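Accompanying notes for the structure given below.
Residue numbers (my numbering): 1402 to 1905.
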């Protein structure tokens, strides 16, 4: 390979990561991800262990510097830390990639495990910016019904790595004018056959079943200015906007969804004037009202909750958000970061909640995912397994000044709907709010900053997808087996090469 070729190969992972980031909302289109993964696979080929780690780090920087760009609106230091830590996960995965005949499935499996690890570390997991979000419109998205996001990630990586490997083999054959004796060629073709088979299976896999009954719903978006904190957008303005738009709800309606933390209190909810107003709204519409509430816990903490009021005006359920936004709703290692950055935008830490997320309401049992939780497949699965027949996503993406985070959140909601086989409602103060069916189809969606009320009839379902029944573990174990098999094949190959050299 020429010097120019070596430089291009060294930089290919960075470009590959950038292509993956550009396949995500709001950019697109989804096929860019396959080209990005193919570039990474080429950049790793015939490289030393240290060079593979560097390539993985570059790929991560290319992907997450763009895919997590929303995070710098809170604190640049936190954003930089996230990009480095997320990229380090990919560096480890690429460092462990074996050579030899089984390199295609092994590399795809390692990258899949890296994405799975991102859902859990650091800071409890940071799934936004992941490759799956760009595949929600791809023909392979049905695999999420079988094995969730982790399987969708797996088939995406397997496709990209196989395409990259086949392209390199074809170019080498063309340059040498002879047939390349590379079993990776067979492995690439077999990998694509597996992807196609899983894609077809996913298209016909159980999707939550027929409707148990239909529900008349309204999703309220107050609209107005989008800003980073209470310093930019006063909570009283957000609350007043939600009240104003709720007056436009047309009865009859059985469920009304408000966004996350629209009701920002300086006292406990019970006994507050806002609680009386919420109760009155539920009574006047004769509907279940589900609204996002924040209330203080001492001086340094607060609760981020979802409260449900019955048509009679009674408070019937409260769910507290489990997954908090790092550097947005709480600051990890606050005493350390306080010396390095201005934390005025995050003055208090949210108290982490507990529970499945399923709440019983007069409108029916619903699975609640509060904003950031929609990026975590286990949260939707938890609420649906507990009995949720509809998914509700009250969110507050007004905290982000660009459309990147709202667009990624809609993609995450679409994946949740597909994974769990449930219709889904998303409500945001300034957008995007949406109504989705159980195939992830967007039935209605608002525009950013515009006051709006979405009214629709949605289905309650009680069937289970394969993913709801089995979760991530089957795919994770399969990926681990692929990695172990790749290492074993590579070890056998190296021993055979040594024996051949000794014999020669």
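Beta carbons are placed, not taken as given, at the ideal position from N, Cα and C, and that holds for glycine.
Predicted, not measured: the structure shown is a model, and the values here were computed from it.
- By the neighbour-count definition (other C-beta atoms within 10 Å, threshold 16), residue 1450 is an exposed residue.
- Contact between residue 1854 and residue 1821 is absent: CB atoms are separated by about 26 Å, not below the 8 Å threshold.
- Taking the C-beta atoms as reference points, residue 1654 is found no nearer than 8 Å to residue 1709.
- Rounded to the nearest angstrom, the Cβ distance from residue 1687 to residue 1727 is 41 Å, too far for a contact under 8 Å.
- The beta-carbon distance between residue 1833 and residue 1816, rounded to whole angstroms, is 15 Å. This is too long to meet the 8 Å contact definition.
- Collapsing the DSSP output to three states places residue 1849 in coil.
- For residue 1754, the three-state secondary structure derived from DSSP is coil.
- Checking the DSSP bridge columns, you'll see residue 1792 partnered with 1768, 1825.
- 1732 is the residue among 1732, 1758, 1768, 1903 whose C-alpha sits nearest the C-alpha of residue 1751.
- The beta carbon of residue 1427 sits closer than 7 Å to those of 1804, 1805, 1808, all from its chain and outside the five residues before and after it, given in chain order.
- With contacts defined as CB atoms closer than 8 Å, residue 1862 and residue 1823 qualify as a contacting pair.
- One Cα belongs to residue 1677, the other to residue 1835, and the distance between them is close to 28 Å.
- Taking a cut-off of 8 Å on C-beta distances, the region 1407-1414 does not touch the region 1518-1531, as fewer than three cross pairs fall below it.
- In summary, residue 1829 is buried, with 16 or more beta-carbon neighbours lying within 10 Å of its beta-carbon over all protein chains present.
- For residue 1673, same chain residues with a beta-carbon under 8 Å away, outside a window of 5 residues either side, are 1666 in chain order.
- Rounded to whole angstroms, the separation of the alpha carbons of residue 1437 and residue 1485 is 19 Å.
- Between the alpha carbons of residue 1684 and residue 1515 lies a gap of roughly 49 Å.
- About 7 Å separates the beta carbons of residue 1795 and residue 1691, which is inside the 8 Å limit, making them a contact pair.
- Using a Cβ distance threshold of 8 Å, residue 1841 and residue 1542 count as a contacting pair.
- The bridge partners DSSP lists for residue 1704 are 1696.
- One thing to note: residue 1562 has its Cβ no nearer than 8 Å to the Cβ of residue 1597.
- CA-to-CA, the gap between residue 1813 and residue 1819 works out to about 10 Å.
- Contact check for residue 1499 and residue 1891: beta-carbon distance about 4 Å, within the 8 Å limit, so the pair qualifies.
- For residue 1557 and residue 1669, the gap between their C-alpha atoms comes out near 47 Å.
- If you look at residue 1874, you'll find it in the alpha helix (DSSP H) that goes 1874-1904.
- Taking a 10 Å sphere around the C-beta of residue 1723, we find 16 or more other C-beta atoms and assign the residue as buried.
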